[in-house]
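Participant: Structure in structure tokens, see below.
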Amino acid sequence: MELTLTKHDFRKFFFYQYFFMQNRLIGFMRMYMGPFLVVVAVYLFNEYPEMDPFAIGFAAAFGFIYSVRPVITLFALKFNDEKLFFKINNGILTFKDRAKEAEIDLSKNHLEQNKRYYFVKLDNGQVLFFPKEILSEKAKSIFIDHLRGES
Numbered sequence: 000m001e002l003t004l005t006k007h008d009f010r011k012f013f014f015y016q017y018f019f020m021q022n023r024l025i026g027f028m029r030m031y032m033g034p035f036l037v038v039v040a041v042y043l044f045n046e047y048p049e050m051d052p053f054a055i056g057f058a059a060a061f062g063f064i065y066s067v068r069p070v071i072t073l074f075a076l077k078f079n080d081e082k083l084f085f086k087i088n089n090g091i092l093t094f095k096d097r098a099k100e101a102e103i104d105l106s107k108n109h110l111e112q113n114k115r116y117y118f119v120k121l122d123n124g125q126v127l128f129f130p131k132e133i134l135s136e137k138a139k140s141i142f143i144d145h146l147r148g149e150s
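Just so we're aligned, residue 0 is where the sequence shown starts under numbering that gives the first Met the number 0, counting upward by one.
In structure tokens form, the structure reads like this:
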């Protein structure tokens, strides 16, 4: 199967992974903690002028940085359009991009899915992702068959 992942696909997956592929508490904190800290800092600045300005400034700066961190990280990462070739045969995912070819044993690195992606979390912490919206029906059926244990 051939799959072309664009910069847009990489960015969407990065945001989805950052906010939603962790446990619920971490996802909740990543989404709301930064703006909450900024609001608390503004409240403390207005209501308690005698409070240490360094503490208020630190809370505001930390909240702001925590809020824009995913955007900063996104601009720091270099994404290129990537053409991938892959197949699943006997529990082995053969994966080839422009730089290398690899065989990934899916009994050690489990294939998983959520509502938007099929993905494989590798031992080294990397994640291979396959967006459901751009996969062909044949590719989707191969992933579904493997998830059911039929391959």
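Every residue gets a Cβ at the ideal spot worked out from N, C-alpha and C, and that includes glycine. On a predicted model such as this, the values are computed, not experimentally measured, just so you know.
Residues in the same chain with beta-carbon distance under 7 Å from Phe18, minus the five sequence neighbours each way, listed in chain order, please.
Facilitator: Residue 18 sits at position 19 when you count from the first residue of the sequence shown. Once the five neighbours on either side are set aside, the close Cβ partners of Phe18 are Gly26, Arg29, Met30.
Participant: In terms of DSSP beta bridges, what is Tyr116 paired with?
Facilitator: Counting from 1 along the sequence shown, the entry for residue 116 is found at position 117. For Tyr116, which the question treats as bridged, DSSP gives the partners Pro130.
Participant: Given a threshold of 16 other Cβ atoms within 10 Å of its Cβ, counted over all protein chains shown, does Phe74 qualify as buried or as exposed?
Facilitator: Translated into the one-based positions of the sequence shown, residue 74 becomes position 75. Burial call: exposed.
Participant: For the pair the segment 77-92 and the segment 4-12, tell me if three or more CB-CB distances fall below 8 Å.
Facilitator: Yes, the segment 77-92 touches the segment 4-12.
Participant: What first and last residue would you give for the beta strand (DSSP E) that runs through Lys82?
Facilitator: The residue labelled residue 82 in the question sits at position 83 within the sequence shown. It spans 81-88 - the beta strand (DSSP E) in which Lys82 sits, taken as one unbroken run.
Participant: So Arg115 and Lys131 are in contact, right, with Cβ under 8 Å, and what is the actual spacing, rounded?
Facilitator: Counting from 1 along the sequence shown, the entry for residue 115 is found at position 116. Counting from 1 along the sequence shown, the entry for residue 131 is found at position 132. The Cβ separation is near 6 Å, so the contact holds.
Participant: Just to confirm, are Lys86 and Thr93 a CB contact at a threshold of 7 Å?
Facilitator: If you number the sequence shown from 1, residue 86 lands on position 87. If you number the sequence shown from 1, residue 93 lands on position 94. In this structure, Thr93 lies closer than 7 Å to Lys86 by Cβ.
Participant: Express the C-alpha separation of Ala60 and Leu2 in angstroms, rounding to a whole number.
Facilitator: Locating residue 2 in the sequence shown gives position 3, counting from the first residue. Locating residue 60 in the sequence shown gives position 61, counting from the first residue. Computed Cα separation, rounded: 41 Å.
Participant: Helix, strand or coil for Asp144 per DSSP?
Facilitator: Position 145 of the sequence shown, counted from the first residue, corresponds to residue 144. DSSP places Asp144 in helix when its eight states are reduced to three.
Participant: What is the rounded straight-line gap between the Cα of Thr72 and the Cα of Phe13?
Facilitator: Along the sequence shown, one-based indexing puts residue 72 at 73. Along the sequence shown, one-based indexing puts residue 13 at 14. Near 10 Å, if we compare the C-alpha coordinates of Phe13 and Thr72.
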